[in-house]
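Participant: In my numbering, the protein residues as written are 1 to 506. Where a beta carbon is used, it is the ideal one built from N, C-alpha and C, also for glycine. What follows is a structure written as structure tokens; I'll ask about it next.
Structural data, given as structure tokens:
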């Protein structure tokens, strides 16, 4: 999130912080505007006189059997090579600490650590101790530990990998594992290449978060598939300081004392179920942001996901996305994580990104858990003076809600790609690409970036923007919060995915 300061009608950012991987370029995809079709879940009052769709209603995700990200695994001994990195040095921690707290830099939740023992394909092949499986195939595993970490993600650089292989990621002694078909890994890396990225980052598959200070990568090959086709390395890992499960009880102390648990405000229960805590990797460092599951006018259930461009602006970063749903307190003020919290790894396809409205629009590659809500939205310009609320994960905390009103439109400009500073001025509906919201309850913080702004229209709440930045805090409740305008992004591109083609009403 950015820190901004309002002076004589001018809003000046003094730093872009929190869950950021750096701003990307301008808008990535152009698309047409509204259509003549009406969402099957929309009401007649949601249709403008011209016949175009102005709003989409929220939609509950289908209930029923839910595929767990973690699957049971056999505890039969797999010959495992072990690599121990030891504790992060005090000098490294001292160098990283200012980057975790100072205004003007991303809010990290994890740092990159290089792994010399598996830095190259040859070195990693030497570590893999293949053994026969009962089905006639072969299996090998590598365990990497990093002292005092609360979580680990492994960066697997792939030169070649048989599509028939199966990857398992787990902690030693755990009865469950993330099971990933090698084809999914290859598809992820192909998406990165299709986006025009030929760097090593595009060839790196980042495993889901494993809680604790150790993570194991197991590779199993079926019968008749040669181990010679496995050419991978693990040159880098992400050493996490914070994970939802490890910090489920004490992470609540991370956010400011004025923040209000989402479960305290039952008016936004549906919206709460559409908002997820995001974690992603950039150059081995991990970051946290907030994002929202969006409905479309067809009620298709396609998991479109809205976040901030200054969080995720490249396909390589989108490929590392892992979301946490229902990550909130058990009850108002309890500080204890809801036992129903669910994780969704697998990344996303980046469909559109733009600095103009700080928009990052994706399609999740996994299926959101049962109970998640596809948020409603409005393409009408927000109304100054209307009631508004933002549901978010400040500092990666258990979900919070801030309430207040929309006060003005803003025009915002990135001043420096290196410092990530930006400036905003009060503007008009016609010219401003951002919305200014001020809260009377709660605030926004690092990690809130990308959070939705819901405007109250009648008895409904509709998404009208996502968080860019602000100087709102528990010591400055009257501070400003700049949200990228959803209606502007919709006209520029998002209608291509969110609205049925003209004349083809479902």
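Helix, strand or coil, according to DSSP, for residue 327 in the structure here?
Facilitator: Coil at residue 327, not helix or strand.
Participant: Starting from residue 486, follow the alpha helix (DSSP H) in both directions and report where the run begins and ends.
Facilitator: Per DSSP, residue 486 belongs to the alpha helix (DSSP H) from 486 to 489.
Participant: Alpha carbon to alpha carbon, what distance is there between residue 391 and residue 144?
Facilitator: Computed Cα separation, rounded: 36 Å.
Participant: Do you know how far the Cα of residue 471 is from the Cα of residue 440?
Facilitator: If you take the alpha carbons of residue 440 and residue 471, they lie about 14 Å apart.
Participant: So what does DSSP say about residue 33, is it helix, strand or coil?
Facilitator: Unreliable positioning characterises residue 33 in this predicted model, as indicated by a pLDDT of 34, which lies under 50. The coordinate reading is nonetheless provided below. If DSSP states are grouped into helix, strand and coil, residue 33 belongs with coil.
Participant: Thinking just about the alpha-carbon of each residue, which of 396, 224, 363, 215 is nearest to the one in residue 236?
Facilitator: Here the closest residue by C-alpha is 215.
Participant: Could you tell me which residues DSSP pairs with residue 179 in its beta bridges?
Facilitator: Paired residue(s): 168.
Participant: Taking residue 239 as the reference, which of 280, 258, 434 has the closest Cα?
Facilitator: Ranking 280, 258, 434 by Cα distance to residue 239 puts 280 first.
Participant: Is the number of C-beta pairs between the region 320 to 328 and the region 385 to 399 that are closer than 8 Å three or more?
Facilitator: A contact exists between the region 320 to 328 and the region 385 to 399.
Participant: Would you grab the beta carbon distance between residue 406 and residue 373 for me? Rounded to a whole angstrom, and I think it's under 8 Å.
Facilitator: 22 Å between Cβ atoms; not a contact.
Participant: Going by DSSP, what residue range makes up the alpha helix (DSSP H) through residue 122?
Facilitator: Segment 121 to 127, the alpha helix (DSSP H) holding residue 122.
Participant: Rounded to whole angstroms, what is the Cα-Cα separation between residue 320 and residue 286?
Facilitator: Distance between the alpha carbons of residue 320 and residue 286 is about 10 Å.
Participant: Name the DSSP beta bridge partners of residue 145, please?
Facilitator: For residue 145, which the question treats as bridged, DSSP gives the partners 84, 214.
Participant: Can you pull the DSSP bridge partners for residue 400?
Facilitator: Answer by DSSP bridge pairing, in chain order: 261, 392.
Participant: Evaluate residue 198 with the Cβ neighbour count: other Cβ atoms within 10 Å of its Cβ, from every protein chain shown; 16 or more gives buried, anything less gives exposed.
Facilitator: The residue is exposed, with fewer than 16 neighbouring Cβ atoms inside 10 Å.
Participant: Note the first and the last residue of the continuous beta strand (DSSP E) segment covering residue 231.
Facilitator: From DSSP, the beta strand (DSSP E) with residue 231 extends over 231 to 240.
Participant: Check whether the region 227 to 235 touches the region 117 to 132, counting contact only when three or more Cβ pairs, one atom from each stretch, lie closer than 8 Å.
Facilitator: Yes, the region 227 to 235 is in contact with the region 117 to 132.
Participant: According to DSSP, residue 461 sits in a beta bridge with which residue or residues?
Facilitator: Answer is 456, bridged to residue 461.
Participant: Buried or exposed for residue 261, going by 16 or more other Cβ atoms inside 10 Å?
Facilitator: Classification of residue 261: buried, given that the 10 Å Cβ count is 16 or more.
Participant: Rounding to the nearest angstrom, what Cα-Cα distance links residue 507 and residue 146 in this structure?
Facilitator: With the chain represented from 1 up to 506, any question about residue 507 goes unanswered, as that position is not in the structure.
Participant: Return the Cβ separation of residue 408 and residue 421 in integer angstroms, given the expectation that the two are a contact with Cβ distance under 8 Å.
Facilitator: Contact flag wrong, Cβ pair sits at about 21 Å.
Participant: Between 168, 137, 389, which lies nearest to residue 69 when the distance is taken from Cα to Cα?
Facilitator: With distances taken between Cα atoms, residue 69 lies closest to 168.
Participant: If you run the structure through DSSP and keep just helix, strand and coil, what is residue 499?
Facilitator: Of the three classes helix, strand and coil, the one that applies to residue 499 here is coil, per DSSP.
Participant: Looking at the strands, I want to know which residues DSSP matches up with residue 282.
Facilitator: DSSP, once it has assigned bridges, lists 285 as partnering residue 282.
Participant: Do the CB positions of residue 410 and residue 434 come within less than 8 Å of each other?
Facilitator: Contact: yes.
Participant: With contact counted as at least three CB pairs below 8 Å, one residue from each stretch, are the region 482 to 497 and the region 453 to 466 in contact?
Facilitator: Yes, since at least three Cβ pairs between the region 482 to 497 and the region 453 to 466 fall closer than 8 Å, the two stretches touch.
Participant: What did DSSP end up calling residue 513 once you bin it into helix, strand or coil?
Facilitator: No answer is possible for residue 513: it lies beyond the span of the chain, which begins at 1 and ends at 506.
Participant: What distance in whole Å lies between the Cβ atoms of residue 156 and residue 234, which are believed to be in contact at a cut-off of 8 Å?
Facilitator: Sure, about 6 Å apart at Cβ, within 8 Å.
Participant: Near residue 483, which residues of its chain fall below 7 Å by C-beta distance, leaving aside the five closest residues on each side in sequence?
Facilitator: Cβ within range, chain order: 434, 435, 437, 453, 465, 466, 467, 468.
Participant: Please list the terminal residues of the continuous alpha helix (DSSP H) segment that includes residue 269.
Facilitator: It spans 269 to 272 - the alpha helix (DSSP H) in which residue 269 sits, taken as one unbroken run.
Participant: Kindly list the residues whose CB is nearer than 7 Å to the CB of residue 179, restricted to its own chain and excluding five residues on each side of it in sequence; keep chain order.
Facilitator: Answer for residue 179: 71, 166, 168, listed in chain order.
Participant: Is DSSP giving residue 426 helix, strand or coil here?
Facilitator: In this structure, residue 426 counts as strand in the three-state DSSP scheme.
Participant: Taking the alpha carbon of residue 336 as the point to measure from, which residue in 382, 387, 263 has its own alpha carbon closest?
Facilitator: Answer by Cα proximity: 263.
Participant: Out of 213, 184, 443, 431, which one is the CA nearest neighbour of residue 206?
Facilitator: It is 184.
Participant: Below 8 Å on the Cβ atoms is my contact criterion, and I expect residue 362 with residue 351 to pass it. Report the Cβ-Cβ distance as a whole number of Å.
Facilitator: Right, the Cβ-Cβ distance comes to about 6 Å (below 8 Å), so this counts as a contact.
Participant: Does residue 493 come out as helix, strand or coil in the three-state DSSP assignment?
Facilitator: If DSSP states are grouped into helix, strand and coil, residue 493 belongs with the helices.
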